[in-house]
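With the first letter of the sequence shown counted as 1, position 218 gets the number 217 in numbering that gives the first Met the number 0; the numbers rise by one all the way through.
The C-beta atom is built at its ideal place from N, Cα and C for all residues, glycine as well.
The structure appears right after this line, and notes come after that.
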Amino acid sequence: MKIGILGLGEAGAVYAAGFLAEGWEVAGFDPADVPTPVGVRRADSVAEAVAGRDLVLGLTGMKAALTVAGQAAPYLGEAAVYADMNAAPRELKRKIAAAIAESSRAVFADVAVIGSVPKYRHRTALLASGRGAAAIARLFGGLGAPVEDLGDEPGAASARKLLRSLFMKGLGAIIVEAVDAGRAAGDEVWVREQIAAELAGGEAALERLYQGTYKHGDRRAREASAAADLVTELGLDAVLPRAISHVHALAAGPEGLRASAPVTARLLDAYAGLPTANIGDATERLGLVDSAIGPVWPGARAVGRALTVWTRAGDNQAIHEAVKVAEPGDIMVVNGEGDTSRALIGELIAERARARGVVGMVLDGAARDAEVLAEMGFPVWARAVTPAGPYKFGPGRVGVPIAVGGVVCQPGDVVVGDGDGVAIVAADQAASVLAAAREVEAEEARRRASIRAAATVMPGGTS
0 MKIGILGLGE AGAVYAAGFL AEGWEVAGFD PADVPTPVGV RRADSVAEAV
50 AGRDLVLGLT GMKAALTVAG QAAPYLGEAA VYADMNAAPR ELKRKIAAAI
100 AESSRAVFAD VAVIGSVPKY RHRTALLASG RGAAAIARLF GGLGAPVEDL
150 GDEPGAASAR KLLRSLFMKG LGAIIVEAVD AGRAAGDEVW VREQIAAELA
200 GGEAALERLY QGTYKHGDRR AREASAAADL VTELGLDAVL PRAISHVHAL
250 AAGPEGLRAS APVTARLLDA YAGLPTANIG DATERLGLVD SAIGPVWPGA
300 RAVGRALTVW TRAGDNQAIH EAVKVAEPGD IMVVNGEGDT SRALIGELIA
350 ERARARGVVG MVLDGAARDA EVLAEMGFPV WARAVTPAGP YKFGPGRVGV
400 PIAVGGVVCQ PGDVVVGDGD GVAIVAADQA ASVLAAAREV EAEEARRRAS
450 IRAAATVMPG GTS
């Protein structure tokens, strides 16, 4: 048998070693600087790795799976089986199957690994679906791997794998939380003993799940997120699966599970100067506050972390409470129920807020003292300006999710305001939106330069 392996990471290397031990010929490709398993012929391209192979394993990871399948398809032989072994949503598996069918006569197999590859190696239990499922059952079954053939539907194996992942990844996340909490409390040994006593594999099982969660946190976070999407498709609540994904994502980061704000001062600095229009383009116009909420003085601009306030119409008692707990870099975002009959803030409360490090305010309500706010250079966005002062009786809430100008704002979200208006970016999406908005900004700069260059050329071809 001639095998091609795309992706020579941990799983790829283990499968390669197992196939070589069976006397099979193995070629592999990986663009990353990873070691080449002993006995594997390292190819210089996807095409070279798959040409003439009887079986090709896609082990690249979910992100690259579709792209790599498209690159491999034209070079697959008519009798080849292309097995995508990445944990991925059903729809992605279907797209990969379509990419293989579009450019080749090879058959596709959706293969899901449901055991520990480091432990069972090439004999790890598998689920298989798609037109190539029977071939996978025959080939891997001959090596001693239990294979369950789920039929011809691409994505069926992966969907079942994701259902299993809800438990396995959830168990890993719970173990990491409990052990790290035990360590922080000085009781790690006792916590480990309690968990190990409940696991069939004892301390060895605990350690495998604990270390595996940290080692593969990023990949497992994506897998748990895909499982959460499946749960949503099934009409069930996905809060727990998304929390599991979040724990794995934290484990993959440099701080581990240490509590830290997703929006850092460095991230806020990176948003400085970025137009709200570019942010809107990058988010498909979502997260833009009602255009009736605008700057109370020309040139106002601010970027900050949302300190949310929900107050009764025309009443600013809760805003005074918010000022007391404000931190440098906060921008106060206030649901004033859209009332414009009384100003929620003026120069004095703005001065107190600025002294606490507040960088601006967004009001779904009215403000006053516009000229003084401009002299102070304190940015405020509001629905209206009125000289009428506020009530101070309450009630109100600070640090709760609110709606402002038709947009949901959570405490800690990124808030950007400029002459066009206000954009709110969810904290957990702030980094990705920043990158997308910078791309929009760069593309606009290129287009402006092209327009200007064209404008310098006269109709007769002279400049």
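Same chain, Cβ closer than 6 Å to residue i, five either side skipped, listed in chain order
i      : result
Glu346 : Asp368, Val371
Gly171 : Leu208, Thr212
Arg40  : Ala26
Ala452 : none
Asp363 : Asn334, Gly335, Gly337, Val403, Gly404
Ile401 : Thr307, Trp309, Asn334, Cys408
Val358 : Ala301, Gly303, Ile330
Boundaries of the alpha helix (DSSP H) in which residue i is found, first to last residue
i      : result
Val81  : For the record, residue 81 in the displayed sequence is Tyr; it is not Val. Segment 80-83 is the beta strand (DSSP E) holding Tyr81; no alpha helix (DSSP H) there.
Ser224 : 216-232
Trp189 : 187-197
Leu56  : Premise fails: Leu56 lies in the beta strand (DSSP E), 54-57, not in any alpha helix (DSSP H).
Ala50  : No alpha helix (DSSP H) holds Ala50; DSSP gives it neither H nor E.
Asp32  : Per DSSP, Asp32 belongs to no alpha helix (DSSP H) and is neither H nor E.
Asp368 : It is not in any alpha helix (DSSP H) - Asp368 carries neither H nor E in the DSSP assignment.
Ala429 : 429-454
Val178 : 155-184
Arg89  : 89-102
Val116 : 116-119
Ala134 : 132-140
Gly69  : 61-71
Chain-order list of residues whose beta-carbon lies under 7 Å from that of residue i (same chain, five-residue window excluded)
i      : result
Asp417 : Pro274, Thr275, Arg300
Ile450 : none
Arg130 : Val106, Phe107, Asp151
Met167 : none
Arg218 : Gly60
Ala435 : Ala281
Cβ pair residue i, residue j closer than 8 Å
i      : j      : result
Val262 : Ala429 : yes
Leu54  : Leu149 : no
Lys92  : Asp109 : yes
Val397 : Val308 : yes
Val146 : Ala127 : yes
Ala87  : Ala225 : yes
Ala281 : Ser340 : no
Arg351 : Phe377 : no
Arg304 : Gly411 : yes
Ile330 : Val424 : no
Glu21  : Leu142 : yes
Ala72  : Ser115 : no
Leu5   : Leu65  : no
Val406 : Val288 : yes
Ala158 : Arg89  : yes
His121 : Tyr14  : yes
Residue(s) in a DSSP beta bridge with residue i
i      : result
Asn334 : Trp309, Asp363
Phe107 : Tyr81
Val146 : Leu125
Val407 : Ala402
Phe28  : Leu5
Arg40  : Ala26
Arg207 : Per DSSP, none; premise fails for Arg207.
Gly395 : Thr310
Asp329 : Arg304
Val45  : The partner list for Val45 (beta bridge, DSSP) is empty, contrary to what the question assumes.
Delimiting residues of the beta strand (DSSP E) encompassing residue i
i      : result
Lys1   : 1-5
Ala342 : 342-344
Ala423 : The question names Ala, but residue 423 is Ile in the sequence shown. Run containing Ile423: 420-424, per the beta strand (DSSP E) assignment.
Pro381 : Note on identity: in this sequence residue 381 is Ala, with Pro being the wrong assignment. Ala381 -> beta strand (DSSP E) spans 379-381.
Gly416 : 413-417
Residues near residue i in its chain [Cβ-Cβ closer than 8 Å; skip 5 each side]
i      : result
Arg163 : Ile113
Gly328 : Ala264, Leu267, Gly303, Arg304, Gly356, Val358
Could you give the uninterrupted runs of the beta strand (DSSP E) lying entirely in the region 237-324, keeping only those of 3 residues or more?
301-310
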